[in-house]
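So the protein sequences, as listed, match chains E, U and Z. To convert, count from 1 in the first sequence and add 244; that's the working numbering. To convert, count from 1 in the second sequence and add 1; that's the working numbering. To convert, count from 1 in the third sequence and add 27; that's the working numbering. Every residue gets a Cβ at the ideal spot worked out from N, C-alpha and C, and that includes glycine. Keep in mind it's a predicted model, so treat the numbers as computed, not measured. One structure is given below, encoded as structure tokens.
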Amino acid sequence: MSSLSQRRLGRSLLLHLFLTPLAVIWLFPLWMMIVFSTMPDNGIFSPGIELLPHDNFLANFHNLQRDTDFVGAIGISVSVAVTYTVLSVLLTSMAGWALARYHFVGKGFVVAIILGTITLPYAVVLIPQFIMVARDFQLANTWVALIVPPLFNSLGVLFMRQAFSMMPHDLFDAARVEGVKEWRIFLFVALPLARPMLAALAIILFLASWNNYLWPLLINSQPGAMTAPVALGTLIGLTKVSWGGLMVGAVMLTVPMLVVFVLLQRHFIAGIAAGAVK
Amino acid sequence: MRYQNATAYRFLTPYLLIFAIFWVWPIISSFMISFQATRTVPWRFAPTFNWGRLIGDPAFFNALKNTLLILVIQVPVMISLAIVMAVLLNSPLLKARALYRFAFFAPVVVGEVAYSAVFRLMFNLDFGIINKLLAGVGLVKIDWFSNVTPAMALIMIAVTWRWAGYNAIILLAGLQSIPEDVYEAATLDRVSKVKQFFYITLPLLKPVIVFCAVLSIIGTMQLFTEPFLITERGGPGGGTETLGLLLYRQGFRSLNFGYASAVAYTMAGLAITITLVQLWLTREPK
Amino acid sequence: MAAVTLTNVIKRFGVYEIIHGANIDIADGEFVVFVGPSGCGKSTLLRMIAGLEDISGGEIAIGGKVMNDVEPADRGIAMVFQSYALYPHMTVGQNLSFGLRMTGNPKEDTDRRVKRASEILRISELMARRPKQLSGGQRQRVAIGRAIVREPQVFLFDEPLSNLDAELRVQMRVEISRLHKELGTTMIYVTHDQTEAMTLADRIVVLRGGHVEQIGRPLDLYDNPDNQFVAGFVGSPKMNFIKGRVVGRNTRSVTVELVGEEKARIIQPLAGAVPETGAKVIVGVRPEHFGNAGEGDADLTVGIDVVEHLGGTSFIYARTAHGEDLVIQRDAAKVPETSEITVSIRKSYLFDENGQRLR
Ligand SMILES: Nc1ncnc2c1ncn2[C@@H]1O[C@H](COP(=O)(O)OP(=O)(O)OP(=O)(O)O)[C@@H](O)[C@H]1O
Ligand SMILES: [Mg+2]
Numbered sequence: 245m246s247s248l249s250q251r252r253l254g255r256s257l258l259l260h261l262f263l264t265p266l267a268v269i270w271l272f273p274l275w276m277m278i279v280f281s282t283m284p285d286n287g288i289f290s291p292g293i294e295l296l297p298h299d300n301f302l303a304n305f306h307n308l309q310r311d312t313d314f315v316g317a318i319g320i321s322v323s324v325a326v327t328y329t330v331l332s333v334l335l336t337s338m339a340g341w342a343l344a345r346y347h348f349v350g351k352g353f354v355v356a357i358i359l360g361t362i363t364l365p366y367a368v369v370l371i372p373q374f375i376m377v378a379r380d381f382q383l384a385n386t387w388v389a390l391i392v393p394p395l396f397n398s399l400g401v402l403f404m405r406q407a408f409s410m411m412p413h414d415l416f417d418a419a420r421v422e423g424v425k426e427w428r429i430f431l432f433v434a435l436p437l438a439r440p441m442l443a444a445l446a447i448i449l450f451l452a453s454w455n456n457y458l459w460p461l462l463i464n465s466q467p468g469a470m471t472a473p474v475a476l477g478t479l480i481g482l483t484k485v486s487w488g489g490l491m492v493g494a495v496m497l498t499v500p501m502l503v504v505f506v507l508l509q510r511h512f513i514a515g516i517a518a519g520a521v522k
Numbered sequence: 002m003r004y005q006n007a008t009a010y011r012f013l014t015p016y017l018l019i020f021a022i023f024w025v026w027p028i029i030s031s032f033m034i035s036f037q038a039t040r041t042v043p044w045r046f047a048p049t050f051n052w053g054r055l056i057g058d059p060a061f062f063n064a065l066k067n068t069l070l071i072l073v074i075q076v077p078v079m080i081s082l083a084i085v086m087a088v089l090l091n092s093p094l095l096k097a098r099a100l101y102r103f104a105f106f107a108p109v110v111v112g113e114v115a116y117s118a119v120f121r122l123m124f125n126l127d128f129g130i131i132n133k134l135l136a137g138v139g140l141v142k143i144d145w146f147s148n149v150t151p152a153m154a155l156i157m158i159a160v161t162w163r164w165a166g167y168n169a170i171i172l173l174a175g176l177q178s179i180p181e182d183v184y185e186a187a188t189l190d191r192v193s194k195v196k197q198f199f200y201i202t203l204p205l206l207k208p209v210i211v212f213c214a215v216l217s218i219i220g221t222m223q224l225f226t227e228p229f230l231i232t233e234r235g236g237p238g239g240g241t242e243t244l245g246l247l248l249y250r251q252g253f254r255s256l257n258f259g260y261a262s263a264v265a266y267t268m269a270g271l272a273i274t275i276t277l278v279q280l281w282l283t284r285e286p287k
Numbered sequence: 028m029a030a031v032t033l034t035n036v037i038k039r040f041g042v043y044e045i046i047h048g049a050n051i052d053i054a055d056g057e058f059v060v061f062v063g064p065s066g067c068g069k070s071t072l073l074r075m076i077a078g079l080e081d082i083s084g085g086e087i088a089i090g091g092k093v094m095n096d097v098e099p100a101d102r103g104i105a106m107v108f109q110s111y112a113l114y115p116h117m118t119v120g121q122n123l124s125f126g127l128r129m130t131g132n133p134k135e136d137t138d139r140r141v142k143r144a145s146e147i148l149r150i151s152e153l154m155a156r157r158p159k160q161l162s163g164g165q166r167q168r169v170a171i172g173r174a175i176v177r178e179p180q181v182f183l184f185d186e187p188l189s190n191l192d193a194e195l196r197v198q199m200r201v202e203i204s205r206l207h208k209e210l211g212t213t214m215i216y217v218t219h220d221q222t223e224a225m226t227l228a229d230r231i232v233v234l235r236g237g238h239v240e241q242i243g244r245p246l247d248l249y250d251n252p253d254n255q256f257v258a259g260f261v262g263s264p265k266m267n268f269i270k271g272r273v274v275g276r277n278t279r280s281v282t283v284e285l286v287g288e289e290k291a292r293i294i295q296p297l298a299g300a301v302p303e304t305g306a307k308v309i310v311g312v313r314p315e316h317f318g319n320a321g322e323g324d325a326d327l328t329v330g331i332d333v334v335e336h337l338g339g340t341s342f343i344y345a346r347t348a349h350g351e352d353l354v355i356q357r358d359a360a361k362v363p364e365t366s367e368i369t370v371s372i373r374k375s376y377l378f379d380e381n382g383q384r385l386r
């Protein structure tokens with residue numbers, strides 16, 4: 245008996261001895277981000293090893309705001325991410341619902357192309373998308389340009405299809421027999437029941453939009469139209485830039501998401517893990 | 002179930018519309034653009050103009066080589082690490098599980114720009130904390146940004162840090178769907194934990210591992226932000242230039258859409274080929 | 028209220044034909060039960076009547092109107108699902124009124140109907156609860172209530188009691204019977220439980236493998252089954268089937284010898300065609316139709332395996348010399364202590380090799 249529990253103890257010790265340094269390494273960049281954001285520039289570029297936060301955060305923030313209108317960019321990022329999330333959740337769950345609930349001509353084809361696009365690099369559509377939005381539609385540096393093209397999303401549709409097809413279809417049939425219109429069944433029966441899944445999807449979509457870099461970099465490159473990551477990205481590599489300020493920007497982009505992550509971990513993980521549970 | 006074409010397509014239309022405009026048409030369009038000389042006005046059909054140039058372009062082969070190098074080293078390392086993370090996080094012996102999960106999963110929410118900036122600072126030659134720590138334990142400083150090998154290593158380290166936890170989440174979900182009693186039966190049969198991992202966990206997890214590998218390959222294939230921001234536009238001297246970066250420079254700096262489209266299709270071809278090979282190699286025996 | 032008529036109804040899923048031309052006439056106000064083993068197509072047939080499944084061939088009419096292309100909501104039906112299909116995020120009250128609210132029914136009328144249904148089913152005090160906070164029986168009532176609220180011409184039930192425990196099932200069965208008397212509406216009820224079918228139905232439709240095997244009143248099916256399947260399906264414990272051989276015939280009767288029992292002969296009068304001498308037949312005997320030795324046609328001595336005492340009556344599980352299993356019903360007092368018993372066959376049914384009734 246005691247040898248069994250001793251073995252367990254030994255194994256547990258080994259596990260923690262391995263995992264703890266790894267966890268520290270993994271948290272280190274995030275910790276340093278916070279430390280840097282509180283250090284004056286001459287502190288960052290000094291020979292000593294600094295591992296604890298200082299008190300220069302506000303000054304750094306002013307430096308950042310001097311280098312670029314970061315607060316304005318954050319405003320754009322928030323509005324775009326919220327709008328994108330709402331629209332995308334709606335679009336994706338409508339499509340997922342159609343695939344889960346109805347038999348229709350061309351269903352197999354629709355599913356096949358959605359699956360196919362998972363393996364297709366975004367790079368393939370990037371250039372024509374850019375030409376179309378910037379040149380043909382003349383929409384560069386608008387919100388529409390940031391929000392609409394990324395609305396197509398294949399994993400989300402598959403996730404919602406899965407969510408809806410796991411619900412007992414008798415529920416929807418019952419409503420149908422009662423004469424409830426399909427869009428009302430979707431709105432008042434299916435969506436409320438899918439709330440946890442919708443939350444997971446919304447979080448993932450919000451995060452994707454919030455962190456999106458390449459497309460906004462290409463399409464909204466004018467100072468007043470940049471999202472926060474793009475605005476921050478323009479500062480990286482400049483010679484006369486406040487690195488403390490840059491780190492404040494990084495913190496402002498990251499910490500809110502970390503808080504959301506901690507608070508809504510379950511939904512977060514469900515959203516990401518969705519790919520695995522097919 | 003009755004056929005309900007009209008209703009179904011009413012729900013699908015917005016989605017399919019976006020798909021048609023922003024994906025289907027671009028896929029076709031980009032294929033066509035790759036056969037045109039796009040630096041003349043108007044564009045001119047010239048089937049071998051871009052593809053011909055591609056075959057003889059050392060910059061393309063440099064980018065291709067770098068991309069594949071990152072792919073073959075970084076993806077296996079990251080997936081292995083993610084499997085280790087997932088298995089250990091799933092251990093019933095683990096205390097303070099939430100803390101460890103936070104540590105490994107947190108990078109998932111961190112944007113590319115934010116972490117690129119941090120990594121640039123951390124790996125700075127004279128003032129970066131990494132070199133200071135290396136010097137502190139008596140090792141030599143590494144010039145991460147001026148030499149190709151360290152620069153490549155840095156890119157791989159950064160990408161692995163950012164994405165290992167993401168894959169671990171997916172793998173952990175896969176692990177948790179393996180029924181507990183399989184392990185209980187194996188334990189009763191005196192199968193050691195290590196053997197259980199190799200003979201039970203890995204085979205049952207295989208589809209999920211393949212899924213992660215495919216997603217990672219497609220992601221790494223398009224690697225752009227890290228070499229763009231961390232090693233400053235693919236530096237040193239193109240040493241970390243990837244296909245994604247080449248596409249960006251050709252398409253959006255030189256406005257050479259035709260050539261960039263050819264690069265894009267090469268990436269797609271590679272991604273699809275590697276994915277298919279992957280699926281074929283790991284197919285279920287019939 | 029309405030009659031329901033199925034004419035040559037066919038259902039195909041892709042290339043598989045699941046229902047092979049069903050003809051069923053249901054009178055206005057009748058309680059009809061579809062019964063049959065799992066997978067025989069009961070639910071499919073019911074869902075076709077409801078309009079939830081396409082009709083691949085034939086015609087379904089409700090109240091004299093062909094309904095093939097009519098939306099479920101416009102067929103004047105209400106359906107109770109096996110899974111109850113209660114909306115988990117709504118209260119009982121909201122569940123009852125959902126359909127009416129969504130289709131723009133005037134509020135006072137909705138309230139009136141909900142109130143009436145909740146009174147009929149005695150669920151008035153549950154209105155504010157969620158389905159999760161209800162017992163199985165209460166959920167079932169709410170599901171039925173939701174059908175009543177629609178004031179339909181025809182009620183459709185798909186195995187509504189199969190998720191309940193035995194005792195509740197009996198109680199709800201009585202309740203549904205009462206409901207039918209009270210409302211007088213046509214009801215079509217699907218079950219695979221023959222007891223439910225026997226106790227509830229005005230008429231029973233026995234289905235097997237997508238074919239209608241027989242339609243009739245419960246006692247008609249019991250007393251006068253058309254074939255071996257119906258004979259075996261209706262009645263509990265099941266009818267015994269013993270192999271036999273025709274050893275004598277004239278124009279109006281046959282003599283059948285039970286295989287392996289030379290002395291046990293049965294003479295059966297037949298109105299229809301009489302099988303040839305030597306033809307193999309099957310003799311069906313209900314457990315209660317075994318009499319004491321000498322009472323009936325053939326005497327038969329069997330070995331006793333197990334006896335189940337249910338109180339007043341007992342069931343003897345026995346085996347013939349030829350190795351065929353039999354169930355014999357007896358008064359508890361008349362079960363012998365011995366390991367053998369001799370019984371006679373007081374009444375029997377004859378089936379040909381294909382299971383068709385000979386009569
Ligand atoms: N959507 C479908 N596609 C293909 N076959 C189906 C479909 N739905 C039902 N079937 C088949 O039709 C047959 C009848 O099914 P149905 O559900 O009507 O049986 P049932 O009599 O209600 O059985 P149970 O008592 O198990 O509910 C079954 O063989 C079933 O496999
Ligand atoms: Mg059924």
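Distance cut-off 8 Å: residue i Cβ against heavy atoms of ligand 1
| i | result |
| --- | --- |
| F40(Z) | yes |
| I45(Z) | yes |
| L257(E) | no |
| L234(Z) | yes |
| E186(Z) | yes |
Coarse secondary structure for residue i, derived from DSSP in three states
| i | result |
| --- | --- |
| E113(U) | helix |
| K522(E) | Only weak support exists for where K522(E) lies, its pLDDT of 37 falling under 50; the coordinates are left without a value. |
| I22(U) | helix |
| P64(Z) | coil |
| V239(Z) | strand |
| M245(E) | Residue placement at M245(E) is poorly supported in this model, since its pLDDT is 48, which falls under 50; the coordinates are not used for a value here. |
| H413(E) | helix |
Residue i CB to nearest heavy atom of ligand 2 below 8 Å
| i | result |
| --- | --- |
| D220(Z) | no |
| K69(Z) | yes |
| Q383(Z) | no |
| V217(Z) | yes |
Residue j beta carbon less than 9 Å from that of residue i
| i | j | result |
| --- | --- | --- |
| I203(U) | S117(U) | Note on residue identity: the sequence assigns Leu, not Ile, to residue 203(U). No, they are not a contact pair. |
| L17(U) | T267(U) | no |
| T498(E) | V110(U) | yes |
| F12(U) | F430(E) | yes |
| A144(Z) | R173(Z) | yes |
| G48(Z) | G85(Z) | yes |
Candidates the options, of which the one nearest residue i by Cα
| i | options | result |
| --- | --- | --- |
| M222(U) | N67(U), P15(U), W24(U), W162(U) | N67(U) |
| Y249(Z) | S263(Z), A300(Z), M214(Z), G236(Z) | S263(Z) |
| S178(U) | A165(U), L206(U), T161(U), L189(U) | L206(U) |
| P365(E) | L280(U), E285(U), A186(U), I275(U) | I275(U) |
| L508(E) | Q466(E), M441(E), P460(E) | M441(E) |
| S110(Z) | A100(Z), A170(Z), T226(Z) | A170(Z) |
Integer-rounded CB distance, given that residue j should sit under 8 Å from residue i
| i | j | result |
| --- | --- | --- |
| L240(U) | M153(U) | Per the sequence shown, residue 240(U) should be read as Gly rather than Leu. Correct: roughly 7 Å between the Cβ atoms. |
| V119(U) | M277(E) | 5 Å |
| Q295(Z) | S375(Z) | 7 Å |
| I150(Z) | V119(Z) | 7 Å |
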